[in-house]
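In my numbering, the protein residues as written are 21 to 223.
Okay, here's the thing in structure tokens:
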């Protein structure tokens, strides 16, 4: 099991990253909450990771703190919730917000996430309720990763990158396009556009 990697961030196309660790490039899928905390390219980054091994693929998921990784590991144990859905949940909500949804039986909040229907939301609440003893509703405190927003001036490319990220997280193209169309993307980075679009879709 690869539990942590530390290296140079050489590529980032949300939600995927490429981290160079002593000459070996690790492809990592990261939640958007982690993505917002990333440093600039060619800077050092530390990620807590979870390796999913299947017959056809080995997929590495990265998180900026152990708390988010722990929630990911708890989510994928729920019947019907795979790594992609777990990553989408942690991209649309912070850990504290998800905890509150479960504690408050808020199915309406959960069904706004991609791939989460009413039955899945109800299952999440039932199965996760007793698994949240080690979590609270307090916001996560970022660990070693500084939050750095890289300015982008090409609005068209920002929109394309943001739409691609939302689709990769499980949103339908029409949903992604509609959410982004409500945002004034001028002078915004793709990370900022994604954050605002996700907020609009889950609120």
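Cβ coordinates follow ideal geometry from the N, Cα and C atoms, glycine included.
query	result
Segment contact flag, the region 97 to 115 with the region 125 to 137, C-beta cutoff 8 Å, min 3 pairs	yes
Residue 73 versus residue 155: straight-line alpha-carbon distance, rounded	26 Å
Residues near residue 166 by beta carbon distance below 8 Å, same chain, minus five either side	Any reading at residue 166 must be qualified, since the residue scores a pLDDT of 40, below 50, and its modelled position is unreliable; no value is offered.
Counted within 10 angstroms of its Cβ, other Cβ atoms place residue 99 as buried (16 or more) or exposed	exposed
Integer Cβ distance of residue 190 from residue 135, believed to fall under 8 Å	5 Å
Residue ranges of each alpha helix (DSSP H) within the region 95 to 162, 4 or longer	103 to 112, 115 to 123, 127 to 130, 138 to 148
Three-state class that DSSP yields for residue 164 in the structure shown	For residue 164, the predicted structure reports a pLDDT of 43, less than 50, and the residue's modelled location is therefore unreliable. The matter cannot be settled from this model.
Proximity of residue 82 and residue 48 at Cβ, strictly below 7 Å	yes
Beta-carbon proximity list for residue 27, same chain, < 6 Å, skipping 5 on both sides	39, 40, 41
7 Å CB neighbourhood of residue 202 in its chain, flanking five on each side removed	220
Cβ-Cβ distance between residue 200 and residue 179 below 7 Å	yes
Contact under 7 Å by Cβ, residue 210 with residue 181	yes
Which of helix, strand or coil DSSP assigns to residue 206	coil
Endpoints, the alpha helix (DSSP H) within which residue 183 is located	175 to 188
Helix, strand or coil at residue 60 according to DSSP, with G and I counted as helix	coil
Residue 74, DSSP secondary structure in three states	coil
Cβ-based burial, residue 88 [other Cβ within 10 Å; buried from 16]	buried
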